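Asker: Residue numbers for the sequence shown follow the numbering used here, beginning at -13 and rising by one.
Below is the structure I would like to discuss, written out as structure tokens.
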Amino acid sequence: MSKYYQASGKSSPTSFLLFILTSVIAIPVLALAYTYLIWYIPFIYINLFITAGFGFAVGMAISHLAVKTGKVRNSTIAIIFGFLGGLFALYFSWAIWVDLVINAGESYGNSRIGITTSNIEFLQVFGLVLQPDTLFNFISEINKTGTWGIRGGTVSGTFLTIIWIIELLIILILSIIFPYLKAKAPFCEVD
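This is the structure in structure tokens:
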């Protein structure tokens, strides 16, 4: 017997069902909130904190709803849940964001700062989620032309790709850390 706690490496089959439910219910709701926040708050530095908050929220949702409730003590499974959950979160966010771009209306503001109004069409978002090729074609076009700018210049191409990679890393890292830590936390195996 070890002097220090070591996770048993077990997980319940229920944890997989809980992860799926978290991925199709909680994560899309978080993605909707995140996407609307970054759409309507035009300050890139604030958006960095919003992105971190989104990654944190996704990580905590997976940590509590799938790992803790599903009694996952296997850190590899927790990491996989976090990684997949982070990817799902970003994917849903992209589908919603592309829908907002498609439905963009009037822009308000001046040359330095502005907001473009838009409304979500849930059936269109659902269609984008179910058609990844269409979604990625839109993303590719958005990358070529850009939809927002800094200091009067439109951000597109390589610079925009770098920003998207940073966003991906922030969301994935935070989505993985919290489920991993929850799986490593002491757990009593006795019912």
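C-beta atoms are modelled at their ideal positions from N, C-alpha and C, and glycine is treated no differently.
Just so it is clear, the structure is predicted and the values come from calculations on it, not from any experiment.
What is the rounded straight-line gap between the Cα of I82 and the Cα of K(-11)?
Answerer: The residue labelled residue 82 in the question sits at position 96 within the sequence shown. The residue labelled residue -11 in the question sits at position 3 within the sequence shown. Their backbone Cα atoms lie some 50 Å apart in a straight line.
Asker: Could you compute how far the alpha carbon of N33 sits from the alpha carbon of I163?
Answerer: For the purposes of this step, residue 33 is identified with residue 47 of the sequence shown, where counting begins at 1. For the purposes of this step, residue 163 is identified with residue 177 of the sequence shown, where counting begins at 1. Approximately 21 Å between the Cα atoms of the pair.
Asker: On the premise that K57 lies in contact with S9, defined as a C-beta separation below 8 Å, what is that separation, rounded to the nearest angstrom?
Answerer: Numbered from its first residue, the sequence shown carries residue 9 at position 23. Numbered from its first residue, the sequence shown carries residue 57 at position 71. That pair is no contact at about 18 Å.
Asker: Would you mind stating whether P165 and S79 have Cβ atoms separated by less than 8 Å?
Answerer: In the sequence shown, residue 165 corresponds to position 179, counting from 1. In the sequence shown, residue 79 corresponds to position 93, counting from 1. Result no, Cβ atoms of P165 and S79 do not sit closer than 8 Å.
Asker: For the candidate residues L18, I36, T21 and G68, whose alpha-carbon lies nearest to that of F5?
Answerer: The count along the sequence shown starts at 1 and reaches residue 5 at position 19. Per the Cα distances, G68.
Asker: Looking at the unbroken alpha helix (DSSP H) that takes in F5, where does it start and where does it end?
Answerer: Sequence index remark: in the sequence shown, residue 5 carries index 19 (1-based). Unbroken alpha helix (DSSP H) run through F5: T0 to L7.
Asker: On a Cα-Cα basis, can you pick out the residue from T133, I156, F112 and A75 that is closest to P228?
Answerer: Nothing can be reported for residue 228: it is not among the residues displayed for the chain, which extend from -13 to 177.
Asker: State yes or no: is the C-beta of A12 within less than 8 Å of the C-beta of A47?
Answerer: Indexing the sequence shown from 1 puts residue 12 at position 26. Indexing the sequence shown from 1 puts residue 47 at position 61. In this structure, A47 lies closer than 8 Å to A12 by Cβ.
Asker: Assuming V84 is part of the alpha helix (DSSP H), what are its boundary residues?
Answerer: Looking up residue 84 in the sequence shown gives position 98. Counting along the chain, the alpha helix (DSSP H) containing V84 begins and ends at S61 to I88.
Asker: Return helix, strand or coil for A171, following the three-state DSSP convention.
Answerer: As a position in the sequence shown, residue 171 is number 185, starting the count at 1. The answer is coil: DSSP assigns A171 none of H, G, I, E or B.
Asker: Assign I30 to buried or exposed, taking buried as 16 or more other Cβ atoms, counted over all protein chains shown, within 10 Å of its Cβ.
Answerer: On the sequence shown, residue 30 is found 44 positions in, with the first residue counted as 1. With fewer than 16 other Cβ atoms within 10 Å, it is exposed.
Asker: What do you reckon, are the CB atoms on G72 and S161 nearer than 8 Å?
Answerer: In the sequence shown, residue 72 corresponds to position 86, counting from 1. In the sequence shown, residue 161 corresponds to position 175, counting from 1. For G72 and S161, yes; Cβs fall inside 8 Å.
Asker: For S49, which three-state DSSP category applies?
Answerer: Start at 1 with the first residue of the sequence shown, and residue 49 comes out as number 63. Helix at S49.
Asker: CA-CA distance, N60 and L70?
Answerer: Here residue 60 is taken as the residue at index 74 of the sequence shown, counted from 1. Here residue 70 is taken as the residue at index 84 of the sequence shown, counted from 1. C-alpha separation (whole angstroms): 16 Å.
Asker: Is the Cβ-Cβ distance between E107 and N123 less than 8 Å?
Answerer: What you label residue 107 is simply residue 121 of the sequence shown in a count that begins at 1. What you label residue 123 is simply residue 137 of the sequence shown in a count that begins at 1. Cβ atoms of E107 and N123: not closer than 8 Å.
Asker: How big is the Cα-Cα spacing for I159 and S104?
Answerer: Position 173 of the sequence shown holds residue 159. Position 118 of the sequence shown holds residue 104. Their Cα atoms are separated by approximately 30 Å.
Asker: Can you grab the Cα-Cα spacing for the pair T55 / K168, in whole Å?
Answerer: Along the sequence shown, read from residue 1 onward, the residue named residue 55 stands at position 69. Along the sequence shown, read from residue 1 onward, the residue named residue 168 stands at position 182. About 10 Å.
Asker: Check K54 in the structure and name its three-state DSSP category.
Answerer: Locating residue 54 in the sequence shown gives position 68, where the first residue counts as 1. Residue state, collapsed to three classes: helix.
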